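Student:
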Amino acid sequence: MTLRAAIVGIAGTALTDAEVALFGEYPPAGVILFARNIVDPEGLRRLMAELRRALSAEAVLMVDQEGGRVARLAPPHWRAHPPAAAHGALFDRNPAAGLRAAWLTGALIGLDCAAAGFDVVTAPVLDLRVPGAHGVIGDRAFAAEPPAVAALGGAMAAGLLAAGVQPVAKHVPGHGRAHADSHLELPVVAETDLRGDWEPFAANAALPWMMTAHVLYPALDPAAPATLSARILGRLVRERIGFRGVLVSDDLAMKALAGSPTERALAALAAGCDLALYCSGEPAATADLLACCPGLTEAAAARLAAARALAAVRREALDAGVLAEERQGLLR
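Numbering-wise (our numbering), the sequence shown opens with residue 1026 and increments by one.
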């Protein structure tokens, strides 16, 4: 059966019978887990086994694990990781050390996530850190200058790939300038020259995944936020930035967008997203979305296969203890 062009959340720490039946009838392209789903390593191990039994072999398991305040695998059961800004501060003092630390953090996050059974990690953040902007990005951004963000984000992504997981660059074409939190409302970025915002994404166009921004940029499209804009996703992301990988929406449960979750998903796919991401785990809305969502396009399926292949070929034999000790020495 063809996978639906959606990645969805689940409600709790174990699959319900209804979720198992839903995934059998309308198989999603993947499932994303959050803190509500993860209690400890043993519980996560059981849940991941349940998911692998319920999902297609081609489906991905995804987790939002950037380091800093965005960490679903958290102490005391998992290693703590510094926020992106810590690597940027080191980069300002010593560029080579900052890049190495970013690679190490990517590798260490990747090893944690790969050991737990995840295929895809939604990091690195390639948004700029813009003074005066909303704090929803804040220290999740590496730096204020596009070249530094591009280099540090690329280093972190390389570390994730070395651990065998697929990185997701976010939030294209750039969320850092927003003065509102897209979880709560639609940000509007009034600036007209946004080349610096999307420069880090262009520099990392070879990465396997990117995630869209629920942000309205009137200079790019006055009618629709990036996630729902064929103009932005087609002309900018695919053509000017040159991205050829998997394009996934940001969470469609966020309040920046109007309409039902299913309406949002269909609009995002129509605009050019390969996958609609719906994270709430709310049973009725998830079921409706999967039932109404179309199957993966041939192009999307090929991009997903290429992303899996890239992570497999880039994987290295890594020693987490050695890497953690080296990172501690750099970031102390």
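Where a beta carbon is used, it is the ideal one built from N, C-alpha and C, also for glycine. Since this is a predicted model, take the numbers as computed values, not measurements.
Got a sec? Which residues, its chain only, sit under 7 Å from Ala-1227 by beta carbon, not counting five neighbours each side?
Tutor: Cβ neighbours of Ala-1227 beyond the five flanking positions: Ile-1266, Gly-1267.
Student: Express the C-alpha separation of Cys-1298 and Asp-1275 in angstroms, rounding to a whole number.
Tutor: Approximately 10 Å between the Cα atoms of the pair.
Student: For the beta strand (DSSP E) that Thr-1237 lies in, which residues bound it at each end?
Tutor: It spans 1234–1237 - the beta strand (DSSP E) in which Thr-1237 sits, taken as one unbroken run.
Student: Looking only at its own chain, which residues have a Cβ that is under 7 Å from the Cβ of Glu-1341, when we skip the five neighbours before and after it?
Tutor: Result list for Glu-1341: Ala-1187, in chain order.
Student: How big is the Cα-Cα spacing for Ala-1111 and Arg-1071?
Tutor: Roughly 34 Å separates the two Cα atoms.
Student: To the nearest whole angstrom, what separates the beta carbons of Tyr-1242 and Leu-1219, a pair I think is in contact under 8 Å?
Tutor: Right, their Cβ atoms sit about 6 Å apart.
Student: Mind checking which residues open and close the alpha helix (DSSP H) that includes Gly-1221?
Tutor: Note, Gly-1221: alpha helix (DSSP H), 1220–1228.
Student: Between Pro-1198, Arg-1125, Ala-1127, which has its C-alpha nearest Leu-1253's C-alpha?
Tutor: The shortest C-alpha separation from Leu-1253 is found at Pro-1198.
Student: Please tell me whether, using a cut-off of 7 Å, the distance from the CB of Ala-1301 to the nearest non-hydrogen atom of the ligand FAD is below it.
Tutor: This structure lacks the ligand FAD, and indeed carries no ligand of any kind.
Student: Using 8 Å as the threshold, is the stretch 1125–1145 in touch with the stretch 1344–1352, meaning 3 or more CB pairs across them?
Tutor: Contact between the stretch 1125–1145 and the stretch 1344–1352 is present, because at least three Cβ pairs lie under 8 Å.
Student: Please state the DSSP three-state secondary structure of Gly-1093.
Tutor: Reduced to three states, the DSSP call for Gly-1093 is coil.
Student: Looking only at its own chain, which residues have a Cβ that is under 6 Å from the Cβ of Ala-1205, when we skip the five neighbours before and after it?
Tutor: Excluding sequence neighbours, Ala-1205 sits near His-1159, Pro-1212.
Student: Enumerated in chain order, which unbroken segments of the beta strand (DSSP E) with a length of 3 residues or greater are wholly contained in the stretch 1080–1154?
Tutor: For the stretch 1080–1154, whole beta strand (DSSP E) runs of length 3 or above, ordered along the chain, are 1085–1088, 1090–1092.
Student: I'd like to know if the stretch 1028–1039 and the stretch 1309–1318 are in contact, where contact means that at least 3 CB-CB pairs between them fall below 8 Å.
Tutor: Verdict: yes, contact present.
Student: Look up Ile-1057 in the DSSP assignment and give the residues it is bridged to.
Tutor: DSSP output for Ile-1057 lists Gly-1034, Met-1087 as bridge partner(s).
Student: Answer yes if the stretch 1161–1171 comes into contact with the stretch 1087–1094, meaning at least three C-beta pairs across the two stretches below 8 Å, and no otherwise.
Tutor: They touch, by the three-pair rule.
Student: List, from N- to C-terminal side, the alpha helix (DSSP H) runs of 4 residues or more that fit wholly inside the stretch 1232–1315.
Tutor: Segments of the alpha helix (DSSP H) lying fully in the stretch 1232–1315: 1286–1296.
Student: According to DSSP, is Gly-1359 helix, strand or coil?
Tutor: Residue 1359 lies beyond the stretch modelled for the chain, which goes from 1026 to 1357, so this question has no answer here.
Student: For Ala-1064 and Ala-1175, what's the separation of their Cα atoms in angstroms?
Tutor: It is worth fixing the name first, because residue 1064 is Val in this sequence and not Ala. Their backbone Cα atoms lie some 34 Å apart in a straight line.
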